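To start, the structure itself, in structure tokens.
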Amino acid sequence: MTGSVGIVMLVHTALARAEQVARHWAAAGCPVVIHVDKMVPRTTHDAFVASLADLPDVLFSRRYRCEWGTWGLVAATQSASERMLAAFPAVRHVYLASGSCLPLRPVQELIDYLAARPRTDFIESATTSDVPWTVGGLDEERFTLRFPFSWRKNRYLFDRYVALQRKVGFKRRIPHGIVPHMGSQWWCLTRQTLSAILQDPERSTYDRYFSKVWIPDESYFQTLARQYSTNIESRSLTLSKFDFQGKPHIFYDDHLQLLRRSDCFVARKIWPHAERLFEAFLTDEASAMKRTEPNPGKIDRIFAKAVERRTRGRAGLYMQSRWPNQDWENGVTSGPYSVFGGFSDLFEDFEDWLGRATDARVHGHLFGPKRVEYGGGQNVMNGALSDSAAVRDYSPRAFLANLIWNTRGERQCFQFGPADAQDITWFIAKDPNAQISVISGAWAVPLFKSNRNFADIRKEAAELQKIESEFLNTLRSPYAKARIRIWTMAEFIEAPMEPLQSIIDEIGHRALRRLAEAPKMADLSGFGQFLQNLKNQGMHPHLMGDFSLERDTSVPAKQPRKPYLVQ
Amino acid sequence: MGFWRTYRLRLQRKRWLIRAFRKRRELKAIVNRTAAIKPGDILLFCTQRNEHVRHPYFLKYYRDMGVNHFLIVDNDSTDGSLDYLADQPDVSVWHTKASYKRSRFGVDWLNWLQRKYGHGHWTLVVDPDEFLIYPFSDTRPLRALTDWLDASSIKSFSAMLLDMYPKGRIDEQPYRAGQDPLEIASWFDAGNYVIERNTRYGNLWIQGGPRQRMFFADAPEKAPALNKIPLVKWDRKYTYVSSTHMLLPRGLNLVYDEWGGEKASGVLLHTKFLDTFAIKAAEELNRKQHYAASVEYKAYAESLKDNPDLWCKWSEKYINWRQLEILGLMSKGNWA
């Protein structure tokens, strides 16, 4: 049945493309009524009309000014639809399209599809409370406020006036008997439904009401179709994807394969210069549009991901176009990492042991005062990070965030102590990705082992104790969000394997396996006396916990410790 | 931001515009084909000195991308580049012998040309050794990007400078005219960039890369700025403040998202480090016409004596824009 599907086309730019598409519809036997925006200059318009003069089934309707979000679009659609219904009595379905819509499937398939569903109206139509589509906070209020100012040209007045109405509590009355619905402005209605809307005795009331509604082209037909249609299928036959601001995504040449696999009849919006797309989809049916396996989900995924990237971004990434304000990072760093305080002081081979026990990359003191101690003695790290302490200290946060970002997929572990640069402490304490384990006071072990004058040792011990105290206060602050474990040294050496096991379990990967081997603890005989000596000199080391002189002698008596843990 | 600060920035913007207006006399038009510029054309503005060997590829690269007209200021070249440029059908070229430094490193000259010819156009300001990469740049022309920016009401587009370098000594592989410089300088630093926000102008300040790693390891704060906003829908009221690092009015500098999302951005591949660099560095050091008393060039000269190999084990080899996107150096934002 030819001529059963009529196309109403709203056109405002890229007229040459519109002409191509109109010819394509007409060639398949679909009558076309085109509305050209009144903003298009007269000469351009006349040339466009003349270019289509050879097609008897392409007509033009009265022109209206179509500014986005205003009544003009509805008025244009009404008059073009009226023209369509009057001029082509055979038309059963009217398809509303734009100049940048492109048929993706042979037109005959659309005609057959609609012929098989002669009473169905395809129009996306949902009540405002049911859908979260709307952007900018205006959903319900579209129908109850007034919008005399242009959103595009006069945003300030638009916003002020909305605010004023909210404050005053102004509400428009919705005409009796209608329930506002919204949906895609691209629909396909049956002659019965469309003519019922256009010939409604109450139409002037509705028109008057909707002419002041915000973006009426998304609600006028969507609402009124509910009044008359016997069979609404609430979806649009036009594939149209919207970004986070509610404007349509544009399709380019590189979307060709994607569009081929969509099972939609029509897609918008097509970039006017997308040569390959127009060429591929507007050629004769036999050769082109080879039907490939439809996979419409892929389009959804790609565009959903684009919105996600624009609104949420990639966690832990700081770059030229993503610089989140504090607490808006949605992930201070990009992945979990572990910080060890005091472990490499207490255990002689801790770093090697940790490397063997886990899959993680184990570094030395990344914040060491002289240089960045990358694992394996490297002097450059992933992403070409320098080992210069000056570069690191220039922005410690950027340094650590970069390191974690550059090594995505591999867990990083590093040692941290009071002798290191301390500027990073708040950053890691507040980062939920950080697993921080501290044996407080273990920094005294290297001092204890050192061959230095006691006065120097005493001075340094006092300094380190002060720094570590501050670090522990940071970790205990209510703002700390890291996974934090703190033991005093005395506590820890009582039963070292249990805490080690739980840390390793949390790091994961090779977990599920019991630790077969313990790291080798430094020989602590005489350590209690060492602490006592510090005390005797007036420096009270308190972070280590209780090391009594008696116990001090008893611990080494047990040596050598068992190298294997027996469970 | 208080009224007072807004007002001061406004005054400053006016000052740069007046300065550009004064500096216009330093420019002598050699060939002015700007009458051929059509509404909606994409324009490229550039200052250059003795870059003749780079011109053939540079022009081809941006012609293929969809730039319609080139407006170039030649700062007293002696290598014949002026004649070459004057012969190109889509190039307008001005000549000046005036001081590069006193034109604020060419900014004044280009501000003037942009004000005069760029109003209402998308304008791209790049050096002859900078090559713009944007999302989908391998499949979509520049006009696709600018149309999308227009549709999204975005007026400025960020493209950070990414220093490219060869593997091995910088002077090992000679660069021939017409050659793609990325064939030689195909490596870059992927993840050692440091960002601060400039509260005065609202722009981000990015440092890092091989220059900080090699030349400024002891004084990282002196490393050159890498943030750039080269693509702007120009209005005669706009002005670049310092190179293309930042603009006034300051709203144009807000090319980044502050609430966790990513805006679309590109990268300027900076192919400075070719065999031509050593000669250039020596010359620039003598001329003392560069930023901050040419501190950058002093540092280069110092390091170049020894072993000019910027490559390291963790250097990344350039493949395409998708690679840069995955590495987090640029973003598609919500362009799909």
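Those protein sequences? They're chains A and B, same order as listed.
Note that my numbering numbers the first sequence so that position 98 is 103, with each residue one more than the last.
Note that my numbering numbers the second sequence so that position 251 is 1307, with each residue one more than the last.
Just so it is clear, CB atoms sit at the ideal spot from N, CA and C, and this is done for glycine as well.
Quick caveat, the model's predicted, so the values are computed rather than measured.
Checklist entry - For a contact meaning CB atoms closer than 9 Å, what does W73/A contact in chain B? => result The premise fails here: W73/A is roughly 11 Å from chain B at the closest Cβ pair, so nothing lies under 9 Å.
Item to check | Partner residues on chain B for F257/A, Cβ-Cβ distance less than 8 Å | outcome: Just to set this straight, residue 257/A is Tyr in the shown sequence, not Phe. Correct list: F1192, T1195, R1196, A1200.
Item to check | G5/A at chain B interface by Cβ criterion, 7 Å | outcome: Missing from the structure shown is residue 5/A; chain A here goes from 6 to 572 and no further.
Checklist entry - Quick one: Cα of P153/A to Cα of V218/A, how far? => result 9 Å
Next on the checklist: Against chain B, with Cβ distances strictly below 7 Å, would A19/A count as a contact?
Outcome noted: no
Checklist entry - Does the beta-carbon of T493/A have 16 or more other beta-carbons within 10 angstroms, so that it is buried, or is it exposed? => result buried
Next on the checklist: List, in chain order, every chain A residue whose beta-carbon is nearer than 7 Å to that of P1276/B.
Outcome noted: A395, V396, Y399
Next on the checklist: Would you say D557/A lies against chain B (beta-carbon separation less than 7 Å)?
Outcome noted: Confidence is the limiting factor: at D557/A the pLDDT is only 47, short of 50, which leaves the residue's position unreliable, though a coordinate-based value still follows. Judged by the 7 Å Cβ criterion, D557/A is not in contact with chain B.
Next on the checklist: My parser needs the beta strand (DSSP E) runs of 3 or more residues fully inside the region 1238 to 1265 of chain B; what are they?
Outcome noted: 1250 to 1253, 1260 to 1263
Next on the checklist: Please classify L325/A as buried or exposed, where buried requires at least 16 other C-beta atoms within 10 Å of its C-beta.
Outcome noted: Reading off the sequence shown, one finds Gln at residue 325/A, where the question assumed Leu. With 16 or more Cβ atoms within 10 Å of its Cβ, Q325/A is classed as buried.
Item to check | Positions along the region 1305 to 1327 of chain B whose CB lies within less than 8 Å of some CB in chain A | outcome: V1311, Y1312, D1313, E1314, W1315, G1316, G1317, E1318, K1319, A1320, S1321
Checklist entry - Within 7 Å (strictly less), CB to CB, does G1247/B reach chain A? => result yes
Item to check | Cutoff 7 Å: H1258/B Cβ touching any chain A Cβ | outcome: Checking the sequence, you will find Gly at residue 1258/B rather than His. Taking Cβ atoms only, chain A never reaches closer than 7 Å to G1258/B, which makes this a no.
Item to check | Contacts of K1388/B in chain A (Cβ-Cβ under 8 Å) | outcome: A311, R314
Item to check | Residues of the region 324 to 348 of chain A with Cβ closer than 8 Å to any Cβ of chain B, in chain order | outcome: M324, Q325, S326, R327, W328, P329, N330, W333, E334, N335
Item to check | Uninterrupted alpha helix (DSSP H) stretches inside the region 479 to 529 of chain A (no shorter than 4 residues) | outcome: If we require 4 residues or more, the alpha helix (DSSP H) runs fully inside the region 479 to 529 of chain A come out as 494 to 499, 502 to 512.
Item to check | Interface flag, D222/A vs chain B, CB-CB below 7 Å | outcome: So no, D222/A is outside the interface.
Checklist entry - Closer than 7 Å, CB to CB, is G388/A near chain B or not? => result yes
Item to check | Selected residue, minimal CA-CA separation from D268/A, among M549/A, L78/A, P111/A, F348/A | outcome: For the residues M549/A, L78/A, P111/A, F348/A, the minimum Cα distance to D268/A belongs to P111/A.
Checklist entry - So which of G1316/B, A1355/B, D1291/B has the shortest CA-CA distance to D1274/B? => result A1355/B
Item to check | Whole runs of the alpha helix (DSSP H) within the region 18 to 91 of chain A, excluding any shorter than 4 residues | outcome: 20 to 32, 47 to 56
Checklist entry - Smallest Cα separation from P36/A: which of F53/A, S56/A, L101/A, M44/A? => result L101/A
Checklist entry - Which word fits E547/A, buried or exposed, when buried means at least 16 other C-beta atoms lie within 10 angstroms of its C-beta? => result Reading the sequence as shown, one finds His at residue 547/A and not Glu. H547/A comes out exposed.
Item to check | Integer-rounded CB distance, given that I1189/B should sit under 8 Å from G1322/B | outcome: 5 Å
Checklist entry - Could you give the residue range of the alpha helix (DSSP H) that holds N541/A? => result Per DSSP, the unbroken alpha helix (DSSP H) holding N541/A starts and ends at 532 to 541.
Checklist entry - Would the region 1083 to 1102 of chain B and the region 1135 to 1148 of chain B be scored as touching if the rule is three or more Cβ pairs under 8 Å? => result yes
Item to check | Whole-number beta carbon distance between S105/A and A31/A, since they are thought to touch under 8 Å | outcome: That belief does not hold up - the Cβ atoms of A31/A and S105/A are roughly 18 Å apart, past 8 Å.
Item to check | Among D222/A, P46/A, G8/A, D117/A, nearest to G77/A - alpha-carbon criterion | outcome: D222/A
Checklist entry - Applying a beta-carbon distance threshold of less than 8 Å, which residues of chain B neighbour R319/A? => result Ordered by position in chain B, the residues that pass the 8 Å Cβ test against R319/A are E1318, G1384.
Checklist entry - Near I202/A, what residues of its chain come up, given a Cβ to Cβ distance below 6 Å and the 5 sequence neighbours on each side ignored? => result L229
Checklist entry - Who are the Cβ neighbours of W156/A in its own chain at under 6 Å, not counting the five residues just before and after it? => result G74, F163
Checklist entry - With a CB to CB cut of under 6 Å and the five nearest residues on each side skipped, what residues in its chain are close to S1133/B? => result R1105, N1106
Next on the checklist: Quick test of your reading: T1300/B and L1073/B, contact by CB under 8 Å. State the CB separation rounded to the nearest angstrom.
Outcome noted: In fact, because the Cβ distance is near 17 Å, the residues do not count as touching under 8 Å.
Item to check | Coarse secondary structure for A96/A, derived from DSSP in three states | outcome: The sequence shown places Val at residue 96/A, rather than the Ala named in the question. Three-state DSSP puts V96/A in coil, outside helix and strand.
Item to check | Classification of Q564/A by the beta-carbon crowding that lies within 10 angstroms, buried from 16 upward | outcome: Any reading at Q564/A needs caution, since the residue's pLDDT is 48, under 50, leaving its predicted position unreliable; the model's value is listed next. Flag for Q564/A reads exposed.
Checklist entry - Tell me which same chain residues have a C-beta within less than 7 Å of the C-beta of A95/A, skipping the five on either side of it? => result G8, S9
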